[in-house]
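Q: Residue numbers (the working numbering): 90 to 209. Cβ coordinates follow ideal geometry from the N, Cα and C atoms, glycine included.
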C-alpha cells in the first residue's frame, strides 16, 4: 500500500475543510507507516491498499475529513478480523487483534488514536 501525497486536486476552497483533510492525510500516512512495521498476510495488504485508494478518491471528491475517517473506521471494522486470523496464514500483525480483542497494538497506538480507531 502506498502513502497519500497531498495534491492540489484535494483542495475544496474551504480553508477549514482543507486543513482537516491535510490532517487526515497525515493520520492515514502515519497509520500506513506504523502498519508497515509488521508483516501482513496478503489479505491485509489488499484491505489496506483498498482503504488508501478509497481515501484518495474521497479526498479528490472534496469530502470532509470527518466523513472519510468515519468511512475508513467502519470499513476496517467491517473487514476485520480477516478469515486468516489465527490460521497458519496469520502473521500476527496486530490489526485483526485490534478489532477482535478491542486492544490496539503499541505500534499502531498513535495513528489509531489520530483516526479514532479505538472508539469502536
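Which two residues bound the contiguous alpha helix (DSSP H) that contains residue 184?
A: Position 95 of the chain shown, counted from the first residue, corresponds to residue 184. Note, residue 184: alpha helix (DSSP H), 184-189.
Q: Exposed or buried, residue 148, counting other C-beta atoms within 10 Å across all chains shown (16 or more means buried)?
A: Here residue 148 refers to the residue found at position 59 of the chain shown. So residue 148 ends up on the buried side.
Q: Could you tell me the distance, in whole angstroms, from the CA atom of residue 196 to the CA atom of residue 177?
A: As a working note, residue 196 is residue 107 in the chain shown. As a working note, residue 177 is residue 88 in the chain shown. Roughly 22 Å between the two C-alpha positions.
Q: Closest by CA to residue 107, which one among 157, 168, 183, 162?
A: Against the chain shown, residue 107 aligns to sequence position 18. The option with the nearest alpha carbon to residue 107 is 157.
Q: Is the number of C-beta pairs between the segment 124-136 and the segment 93-110 that are closer than 8 Å three or more?
A: At 8 Å Cβ cutoff, the stretches do not touch.
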